[in-house]
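Numbering-wise (our numbering), the sequence shown opens with residue 1134 and increments by one. Structure first, commentary second.
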Amino acid sequence: LGRTILLVRLSSEDFSDDDARPAADNHMGSVAEKLPEGVVIVDQQGNIVQANPAFLDLVRVISTDRIEGKPLDTWLGGSRVDLQVLMANLREHGTMRRFSSVVRDALGTSQPVEVSAATITARDGPLYGFSIREIPEGRRAGIGHPVGTTTHLTELVGRVPLKSLVRDTADIIEKLCIEAALRLTENNRASAADMLGLSRQSLYLKLKRFGISDGEPTDGA
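Right, dumping it as structure tokens:
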């Protein structure tokens, strides 16, 4: 009685379940670091807490210092509404699978991606983890429009101010119209631009912005 006994474990054998948990968590972190898909963790406001090297490669940023604390929708989504849809679904359902979106890198180039996400329980409140995978060229031709975005749009009503919702969904409508014009003109950019009342340069910039793959474009009338 009255004595303090300090136990020091010198052997890694015979771990209890509780002892093994930190090691398992470390292994999980190591796996995320080495995954070829981008992995990002954000806080409740959508600001980046952590990201793996594959995500840095996706957005062409050399260091996590350049992205930590910044909104994920700086790089993810054709508009802010993509992340809002994802976050709303995570808060309500806990997970989200195969959500079609785009990633914009530091050079201004966009590319189609597929996003899966899950809610993570943390001491200071929930965090949200995202797995972001590039869509292979062979699958891009079969992609029409971001089904996840349009299907879940109504779920934002009451969670996002109407003014913001209307502004951001205008981008979705614009993208759908551009894709429709390209289909109708068999990927003739000049004809598509004329159909949309845009200059060729303006259409080209919008194609890059939305990450639209227009097959083998022709520029003739």
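Backbone N, C-alpha and C fix where the C-beta goes; we use that ideal spot for every residue, glycine too.
The beta-carbon distance between residue 1344 and residue 1245, rounded to whole angstroms, is 5 Å. This is short enough to meet the 8 Å contact definition. DSSP lists 1233 and 1266 as the beta-bridge partner residues of residue 1247. Less than 8 Å separates the beta-carbon of residue 1304 from that of residue 1211.
By the 16-neighbour rule on beta-carbons within 10 angstroms, residue 1214 is buried. With the rule of 3 Cβ pairs closer than 8 Å, the stretch 1223-1238 counts as touching the stretch 1248-1266.
Residues of the same chain with a CB within less than 8 Å of the CB of residue 1338, apart from the 5 flanking positions on each side, do not exist. Residue pairing by DSSP places residue 1204 opposite 1180 in a beta bridge. In this structure, the straight-line span from the alpha carbon of residue 1324 to that of residue 1307 is close to 17 Å. Assignment of alpha helix (DSSP H) within the stretch 1301-1351, counting only whole runs of 4 or more residues, yields 1322-1329 and 1333-1343 in chain order. If you look at residue 1172, you'll find it in the beta strand (DSSP E) that goes 1171-1175.
Residue environment analysis places residue 1224 among the exposed positions, since fewer than 16 neighbouring C-beta atoms fall within 10 angstroms of its C-beta.
Under the three-state reduction of DSSP output, residue 1260 falls in the strand class. Residue 1263 and residue 1221 have their alpha carbons spaced roughly 14 Å apart. Around the CB of residue 1217, 16 or more other CB atoms lie within 10 Å, so the residue is classed as buried.
The residues 1171 and 1236, in chain order, have a CB closer than 6 Å to that of residue 1191 in the same chain once the five nearest residues on each side in sequence are set aside. Per the DSSP secondary-structure output, residue 1195 pairs with nothing in a beta bridge.
The beta carbons of residue 1201 and residue 1182 sit closer together than 8 Å.
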